[in-house]
Amino acid sequence: MGAISIADKKSPRSKPISSGSDDFTSWSTRLGIVLLFILACRWLDSIKDRWYVFNPTSLHELAQAAIEASPNSTSGMIEHIVANLTATYPSTQIALNTDAGEWVFNNAGGAMGAMYIIHASITEYLIIFGTPLGTEGHTGLHTADDYFNILVGEQWAFAPGSLEMERYPAGSVHYLPRGTAKQYKMHKGCFALEYARGWIPLMLPFGLADTITSTLDVPTFFRTSVITGREMFRNLWVGKI
Ligand SMILES: *[C@@H]1O[C@H](CO)[C@@H](O)[C@H](O)[C@H]1NC(C)=O
Ligand SMILES: *[C@@H]1O[C@H](CO)[C@@H](O)[C@H](O)[C@H]1NC(C)=O
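Going letter by letter, the sequence shown gives residues 257 to 497 in this note's numbering.
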């Protein structure tokens, strides 16, 4: 038996000798493509700043001005923010979604709230996110820098190793650099103007995973995808990457 099986294994070896060098060529082609892809990604990552339109400092000032202009009305703050942005940035430079009634649920990292997408493009997004009920979860580990400008309420956060919580009251900004994650809590309800800059499409799986694996809220999934896709397209249309 043993001898027969050895002989059987030997027979398929009658392949042409050139197959070894063919394998080598196709593997070096694949390796070359992967290396080129990595280099292209690194290059794109080094020049992504040129596509940014918003800046974190002005948005923080705008959030503070919105709180000052209507301290007791979240919708007043949102109106103030959208009116200011549409007056500041021409529609030929950036597309903004001015329909402040377009809210969708957002389940991500175990937290739940609602969001209104003011802007979404390949390298930036600007949303109002929050809930009047309070929520708690994982921030997500992102390929973008995140600036969470608190408008109403308070956000708490902590990273492993820290035994005290960080507190972010209204008017402050919680900056989360890309590649870092925290546990956060909007204890008694909170609304924020969230600005992210970096590679936005890579953040979308985190933003939709809870809906696919847990809530199975298909209309929300559909609406979120449609709004995000529409806004990214509207921006590409005016040349905003
Ligand atoms: C927008 O808000 C900023 C910050 O409050 C302010 O400096 C700027 O003048 C405002 N622009 C307009 C057009 O209202
Ligand atoms: C906001 O509410 C506080 C407390 O209820 C009140 O003292 C203040 O006058 C209100 N401010 C405005 C601008 O309505």
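C-beta atoms are modelled at their ideal positions from N, C-alpha and C, and glycine is treated no differently.
- Between Thr285 and Asp278, the alpha-carbon positions lie close to 11 angstroms from each other.
- Ranked by Cα distance from Tyr451, the options Gln411, Thr480 and Asn405 are led by Asn405.
- By the criterion of a C-beta distance shorter than 6 angstroms, Phe361 is surrounded in its chain by Ala370 and Thr476, once the five residues flanking it on both sides are discounted.
- Beta-bridge annotation (DSSP): His430 is paired with Phe404.
- Within the same chain, and ignoring the five residues on either side of Gly445 in sequence, the residues whose Cβ sits closer than 8 angstroms to its Cβ are Gly386, Thr387, Pro388, Leu389, Gly390, Val408 and Gly409.
- Within 10 angstroms of the beta-carbon of Thr480 lie 16 or more other beta-carbons, which makes it buried.
- Trp493 carries a helical assignment under DSSP once its states are collapsed to helix, strand and coil.
- A distance filter of 6 angstroms between CB atoms and the heavy atoms of ligand 1 selects the following residues in sequence order: Glu317, Leu318, Ala321, Asn340, Ala343 and Thr344.
- A Cβ-Cβ distance of about 7 angstroms is found for the pair Gly435 and Leu397, placing them in contact under the 8 angstroms criterion.
- Between the alpha carbons of Val309 and His375 lies a gap of roughly 11 angstroms.
- For Thr387, the enclosing beta strand (DSSP E) stretches over residues Glu380 to Thr387.
- Contact annotation, Leu432 with Thr395: C-beta distance approximately 6 angstroms; criterion of less than 8 angstroms satisfied.
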